[in-house]
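Residue numbers (this note's numbering): 505 to 794. Backbone N, C-alpha and C fix where the C-beta goes; we use that ideal spot for every residue, glycine too. Given the structure is predicted, the values throughout are model-derived calculations rather than measurements.
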């Protein structure tokens, strides 16, 4: 692992409008590179844009190495950047997945697909079965997409598969406030939930945890979404190192340096807990809910 400078971008994506959304990605990648960021990360479903109308959603889904991915590779080449973005992917069986794709100037790097599907998304998505970790050249990234983050197993499995950072792309409102009704409370409610969960994930697994929520202000094609513009970056000690501006309800970007030494230091501690794991007694973790 080496030190890398990342940009986490809270983007507003139009439902099932990949071409328009890709244009917004390019604008932000350009801004990120001007600020010195080498790696640009976007929220859940950032290219496709969420839509709960299955025929529309299915029609907008595409192969993981399809037209949108090829366009994003061209952007990566143009700006010499590594880019992570959300995409509805469709396999040869016509199953649709909520995926997160990584590309670089050299081409396609890999993907992760959402493994935990909440009730609202059952009709439109299939659950994947692998906590894929992708080598981005300088850092290995795991991904926990939205609902995945509420399962402690997600972070631990990503760490065990080699993750040094865990990206947490979201498309989520939380609490009873929105950016329309009370934007500061909407941000505060979201942050309260994040602070309950993500410092522990970062600390227990010796990773940077990078939370990126999709920016609200969407009301079309049956989608009404007004979640806050949120970015949180927790270091391997579980400390909040950087966050988005709660006063901004529009798209915004946080640029931050990820330090390899902090990952190494945490994992070198005498009481770094994964060193003391006892998988042979964890059979109960494989049982279904009861």
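*Determine which residues share a DSSP beta bridge with residue 644 and list them.*
639
*Quick one: is residue 680 buried, meaning 16 or more other Cβ sit within 10 Å of its Cβ, or exposed?*
exposed
*Could you tell me whether the Cβ atoms of residue 511 and residue 544 are closer together than 9 Å?*
yes
_Do residue 513 and residue 579 count as a contact pair if the criterion is CB distance below 9 Å?_
no
_Looking at the secondary structure, which residues open and close the beta strand (DSSP E) in which residue 604 lies?_
600-608
*Run through DSSP, which three-state label would residue 689 get?*
helix
*Helix, strand or coil at residue 735 [DSSP, three-state]*: strand
_Short Cβ contact (9 Å threshold) for residue 732 with residue 672_ = no
*Using only alpha-carbon positions, find the residue among 610, 654, 608, 778 that is nearest to residue 622.*
654
*Note down, in chain order, each residue of its chain lying with its Cβ closer than 8 Å to the Cβ of residue 611, except the 5 sequence neighbours on either side.*
577
*Determine the closest residue to residue 630 out of 638, 598, 613, 790, with distance taken between C-alpha atoms.*
598
*Of the residues 682, 677, 657, 595, which one's Cα is nearest the Cα of residue 670?*
657
_Helix, strand or coil, according to DSSP, for residue 519 in the structure here?_
coil
*With a 10 Å radius around its C-beta and 16 neighbouring C-beta atoms as the bar for buried, classify residue 729 as buried or exposed.*
buried
_DSSP bridge partner residues for residue 674 (one or two, in chain order)_ = 717
*Enumerate in chain order the residues of its own chain whose CB-to-CB distance from residue 724 is below 8 Å, with the five nearest sequence positions on each side excluded.*
518, 519
_Inter-stretch contact at 8 Å, needing at least 3 Cβ pairs: the segment 693-707 / the segment 739-749_ = yes
*Assuming residue 683 and residue 720 make a contact with CB atoms under 8 Å, what is their CB distance in whole Å?*
5 Å
*Which whole runs of the alpha helix (DSSP H) in the segment 539-566 are 4 residues long or more, in chain order?*
558-564
*Going along the chain, which residues of its own chain have a beta-carbon closer than 7 Å to the beta-carbon of residue 678, five neighbours each way excluded?*
693, 694, 697
*Of the listed residues 789, 638, 552, 587, nearest to residue 600 (C-alpha basis)*: 552
*Using the DSSP secondary-structure output, state which residues sit across from residue 589 in a beta bridge.*
605
_Along the chain, where does the alpha helix (DSSP H) containing residue 580 start, and where does it finish?_
571-583
*Hey, is residue 600's beta-carbon within less than 9 Å of any beta-carbon in chain D?*
The structure shown contains no chain D, having only a single protein chain.
*Express the C-alpha separation of residue 588 and residue 531 in angstroms, rounding to a whole number.*
15 Å
*asked:* Less than 7 Å between C-beta atoms, sequence neighbours within five positions excluded: which residues of the same chain meet that for residue 575?
replied: 526
_First and last residue of the uninterrupted alpha helix (DSSP H) at residue 766_ = 764-772
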